[in-house]
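Okay, so here's the structure we're looking at.
Residue numbers (my numbering): 74 to 224.
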């Protein structure tokens, strides 16, 4: 499900990004993590992601917990059919339950269905679950012919 920019969505991101245990694992380009000039506020960041065709962001909706994070295809290139994969579980109570792994596999399956050939991704070195999930998913996809680059 794509972002909708609702007040609830914005307030959840504000809470997640304010949590040091969540923020420490986020990519440096995430608002308020690295360069504060990236966007003025979270609502603007969400609006930017919705408008820019180089990004495809999807809400992660859990049947019991509701909206818990997002997955993304970043830096999409239709020329060489490549993208960078991302997955953020903002609700720390949902960590270490296998959700990120399932979402990552679903995102890669969706990308293959659309014809993408190359995916890049990185996981924060201290986020052991993400590092393991990424290696497992990339090994599986490389066996199926997708080029996977981990940094």
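Backbone N, C-alpha and C define an ideal beta-carbon position, used for all residues, glycine too.
Taking all protein chains in view, the Cβ of residue 86 is crowded by 16 or more other Cβ atoms within 10 Å, so the residue is classified as buried. The three-state secondary structure of residue 179, taken from DSSP, is helix. Judged by beta-carbon spacing, residue 131 lies beyond the 9 Å limit of residue 81, meaning their Cβ atoms are not closer than that value.
Between the C-alpha atoms of residue 148 and residue 177 there is a straight-line separation of about 17 Å. Beta-bridge partners of residue 124 (DSSP): none assigned. Its Cα nearest to that of residue 167, the residue 133 stands out among 196, 115, 133. In this chain, residue 203 is not harboured by any beta strand (DSSP E); it is covered by the alpha helix (DSSP H) spanning 201-216. Secondary structure note for residue 91: its alpha helix (DSSP H) is the uninterrupted segment 80-91.
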